[in-house]
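Residue numbers (mature numbering (1 follows the signal peptide of the UniProt record, and there is no 0)): -20 to -1, 1 to 466.
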C-alpha cells in the first residue's frame, strides 16, 4: 500500500502544476512559423539575417529543434504574440534556453518582453520593451547576464554583476519577479542572484539622501595620524649637509690652477642626509573618523507598491546584431509559476544536456583531428618561403622588388574596395555596422614577409577569416574595417 504522505505530496505537486498559468510556451514544434513573425527590420539595407529551424550541429535530441541565426554580420528580429496580461499580484517567470555554437566573441543571446501594440513586421532595435533578459558576451570584459527593466519609459540596468555561461552548449536562463518586489536570476535551474527591485535597480529615487544643510563641526577631528609629541629631533640633525665632496674624484692631470682656478672635488648626494626633520606619526587618540553628512528622508522619493507590475505584456521577441552567427534559441516560457519553469527545464535541457555535451566533445575531437592533418598547400608554401629566404644577391633584390610591387597592388586594391585601414575589434556590438559585403585580398607572400598572419584573426580560437592557399591570398570581408577618418 502506498505511503499516504507520499501520495499527498504527489497530489500537491499535481495541483500546483495544474494551477500554474502559462501565458506563452514555445518549444518550436510543427507550426511554429504561424506563431512567430520575422521582422522586415534592416531588410531594405540588405543586413537582415535568416533564421534556421534546426537542432544545431551537436544536440541531445535531433528532433528537438529551435531557431538559429545563420548569417554573419547580420541583424535579426523576430517576435511572437500572446494574449495580453498583467502580472499584478502574480509572480512573473521569463525563461528560455540559448546555445552559442559559434563560440561567440561579441554578441548577445537575450530576449525581450514587449507591452502594448506593436507592428511585428517593424519590430527591431528601436522598439520599446518592458524587459530585456539574457546573456551578453563581448571580448574578455563583458560576460554577463543582462536584466534590464523599463520603468516610466526609462530602461534601467541591474546594478549587480551576474556572470553568464560562455561555452558552446545549451543553457537555461530564468528571470523571476515576485509581487513583493524581489527577484531571482537562475542559470540551469541554479540561483545565481537574488535581491530587491528597490536596491538592485535605480527604478526609484533613493529613500534616504545626505542632508544638504549639514556641515562638518569645526571641532571634528578627522586626522587619523598625528605627529608624536614625544619624538625629539636628534642633536646635530640640522648640521648634516645635503651634499658632500666626492672622495673618489681626482683632479685632472691637465688641470692648470692659474688658468682654471683652484680645483675642488665635485659634490655628490650625502647618504646621511634625510631631509628636513619631521616627528614620526602615531595614531590619533581623538580620531573621530571621516565626517559624513547624516541621511534624511528624500523629499523626491515616492514609493510605488506596483513597482514590479507590467500591466500590458503581449509579445516576446528576439532582436540581435551578430558578427558571428550560430546562436540557437529554444523552449521559451512566460508563466507565473517558478516550479513549472523548473520542471520544463528539466524535461528539455535537463534530459538532453549529457548527450549534447558528448556530441559536442565528439565534434571537437573530429575538428582537432582534421586540423592536425598536414595541408599539402601549406607544405608547398613553406618550401617556397625557405627557397626565397635562401636566395641572395640579385635574386634577393628581385624578390624584394616583387614583394614591394605586391604590396602596392594590395594597397591599391584596398583603397578601391574601401577607404578603411586597420582591423577593428571589440567595444561595441555594432563595430561593423551597416557595411556592404566585399572582399579584401592580401597576397600571402606579403603576409609571410611581414609576419602579420597571426594578427589577422578574430576570436579566442584565433580563427583565420579565409586563407585561400590555392589562390595565394588571405580573403577578409572589408566590412570588418573601420572607414578611414583621416
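Backbone N, C-alpha and C fix where the C-beta goes; we use that ideal spot for every residue, glycine too. Here the structure is a predicted model, which is why all the values come from computation and not from measurement.
- As the crow flies, the alpha-carbon of residue 174 is around 21 Å from that of residue 326.
- Annotation for residue 324: no beta strand (DSSP E) segment contains it, though the alpha helix (DSSP H) segment containing it runs 318 to 325.
- Note that the C-beta distance between residue 4 and residue 310 is not below 8 Å.
- Listed in chain order, the beta strand (DSSP E) runs fully inside the segment 103 to 135 are 111 to 118 and 122 to 131, counting runs of at least 3 residues.
- In this structure, the straight-line span from the alpha carbon of residue 347 to that of residue 132 is close to 50 Å.
- Judged by DSSP secondary structure, residue 277 falls within the beta strand (DSSP E) whose first and last residues are 275 to 277.
- Per the coordinates, the alpha-carbon of residue 141 lies some 27 Å from the alpha-carbon of residue 337.
- Distance from residue 250 to residue 213 at the Cβ level is roughly 18 Å; contact not present, criterion being Cβ atoms closer than 8 Å.
- For residue 178, the enclosing alpha helix (DSSP H) covers residues 177 to 180.
- By the Cβ-count criterion, residue 268 is exposed, with fewer than 16 other Cβ atoms from all chains shown falling within 10 Å of its own Cβ.
- Taking all protein chains shown into account, residue 127 has 16 or more neighbouring C-beta atoms within 10 Å of its C-beta and is therefore buried.
- A check of alpha carbon separations from residue 303 across 10, 14, 27 and 11 identifies 27 as the nearest.
- For residue 16, the pairing in a beta bridge is given by DSSP as 60.
- Here the C-alpha atom of residue 51 lies approximately 27 Å from the C-alpha atom of residue 328.
- Taken in chain order, the complete beta strand (DSSP E) segments of 3 residues or longer contained in the segment 137 to 161 are 151 to 157.
- In the DSSP annotation of this structure, the continuous segment of the beta strand (DSSP E) that includes residue 190 starts and ends at 188 to 190.
- Excluding five sequence positions before and after residue 95, the CB atoms of its chain that fall closer than 7 Å to its own CB belong to 110, 290, 292, 293 and 294, given in chain order.
- Contact annotation: residue 78 and residue 308 have beta-carbon atoms nearer than 8 Å.
- Secondary structure of residue 257 (DSSP, three-state): coil.
- Leaving aside the five residues that flank residue 176 on each side, the residues in its chain whose CB is nearer than 8 Å to its CB run, in chain order, 161, 162 and 163.
- When secondary structure is reduced to three states using DSSP, residue 330 falls in the helix class.
- Assignment of residue 335 by DSSP, reduced to helix, strand and coil, places it in the helix class.
- In this model, residue 324 and residue 169 are separated by some 10 Å (Cα to Cα).
- CA-CA distance, residue 276 to residue 217, rounds to 54 Å.
- For residue 6, the enclosing beta strand (DSSP E) starts and ends at 2 to 6.
- Under the DSSP assignment, residue 239 falls in the alpha helix (DSSP H) whose first and last residues are 237 to 240.
- A direct Cα-to-Cα measurement between residue 284 and residue 344 gives close to 52 Å.
- Residues of the same chain with a CB within less than 8 Å of the CB of residue 237, apart from the 5 flanking positions on each side, are 243 in chain order.
- Annotated as distal: residue 297 and residue 150, with beta-carbon spacing of 8 Å or more.
- Under the three-state reduction of DSSP, residue 66 is assigned to coil, being neither helix nor strand.
- When the alpha-carbon of residue 154 is set against those of 255, 240, 114 and 68, the nearest one is in 114.
- Rounded to whole angstroms, the separation of the alpha carbons of residue 44 and residue 331 is 11 Å.
- 305 is the residue among 230, 305, 321 and 334 whose C-alpha sits nearest the C-alpha of residue 49.
- Around the beta carbon of residue 247, fewer than 16 other beta carbons sit within 10 angstroms, so the residue counts as exposed.
- The beta carbons of residue 92 and residue 350 sit no closer together than 8 Å.
- DSSP lists 2 and 73 as the bridge partner or partners of residue 315.
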